[in-house]
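Engineer: Next up is a structure, given as structure tokens.
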Amino acid sequence: MPKDTILVVDDSPTEQRLVAAALSLQGYRVITAADGEEAIEKAAKELPRLIVLDVVMPKKNGFQVCRQLKTTAATQNIKVLLLTSKSQDSDKFWGMKQGADAYMTKPFTDGDLVANITKLI
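Count along the sequence shown from 1, then add 407; that gives the number in my numbering.
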């Protein structure tokens, strides 16, 4: 039986597969989305335990998605881990201000990703 469900959101199929593979190996049920609008739809439908969310994406960026999820009653308790190439202190500050529960930068190691997720759920 799988552990919790995690939604992986990234517009890069390669990054999406890397994150999904690392989490699947840990026993998580992984679902994916390729842009911000799809992320919001799947989060509302599936109610995952956690979302690994890229920032730079088409339609809605990760900051917008995070803010919308955290201000919507049905999804406000879903943990959000921003995983992005945006590494400035101001980016991290802004991401956390949007309601993110954790912030990681790319490139990442599977071990760091899993450790951060374990802390959150």
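Using N, Cα and C, we set each Cβ at its ideal position, and we do this for glycine too.
What separation, rounded to the nearest whole angstrom, lies between the Cα atoms of T479 and R456?
Structural biologist: About 15 angstroms.
Engineer: Measure the beta-carbon distance from L490 to C473 and round it to whole angstroms, keeping in mind my assumption that it falls under 8 angstroms.
Structural biologist: The pair is not a contact, with the Cβ atoms about 12 angstroms apart (cut-off 8 angstroms).
Engineer: Apart from the five residues just before and just after M383, which ones in its own chain have a Cβ nearer than 6 angstroms to its Cβ?
Structural biologist: In the structure as shown, the chain begins at 408 and stops at 528. Residue 383 is therefore absent and cannot be evaluated.
Engineer: Whose C-beta lies closer than 7 angstroms to the C-beta of F515 among residues of the same chain, with five residues either side of it excluded?
Structural biologist: Within the same chain, F515 has close Cβ partners L490.
Engineer: Using alpha carbons as the reference points, say which of L488, M503, Q505, S497 lies closest to V521.
Structural biologist: Among L488, M503, Q505, S497, the Cα nearest to that of V521 is on L488.
Engineer: Tell me which residue opens and which closes the beta strand (DSSP E) that A509 is part of.
Structural biologist: Counting along the chain, the beta strand (DSSP E) containing A509 begins and ends at 509-512.
Engineer: To the nearest whole angstrom, what separates the beta carbons of K477 and Q471, a pair I think is in contact under 8 angstroms?
Structural biologist: About 11 angstroms separates the two Cβ atoms, so there is no contact after all.
Engineer: Under three-state DSSP, which class holds V521?
Structural biologist: Residue state, collapsed to three classes: helix.
Engineer: When you compare each of L454, V416, D508 to T439 by their alpha carbons, which one comes out closest?
Structural biologist: Comparing Cα positions, the closest option is V416.
Engineer: Going by C-alpha to C-alpha distance, which of V462, A451, A428, R424 sits closest to A507?
Structural biologist: Out of V462, A451, A428, R424, V462 has the C-alpha closest to the C-alpha of A507.
Engineer: Taking DSSP as the reference, what is the three-state secondary structure of K486?
Structural biologist: In the structure shown, K486 sits in a strand (DSSP, three-state: E or B).
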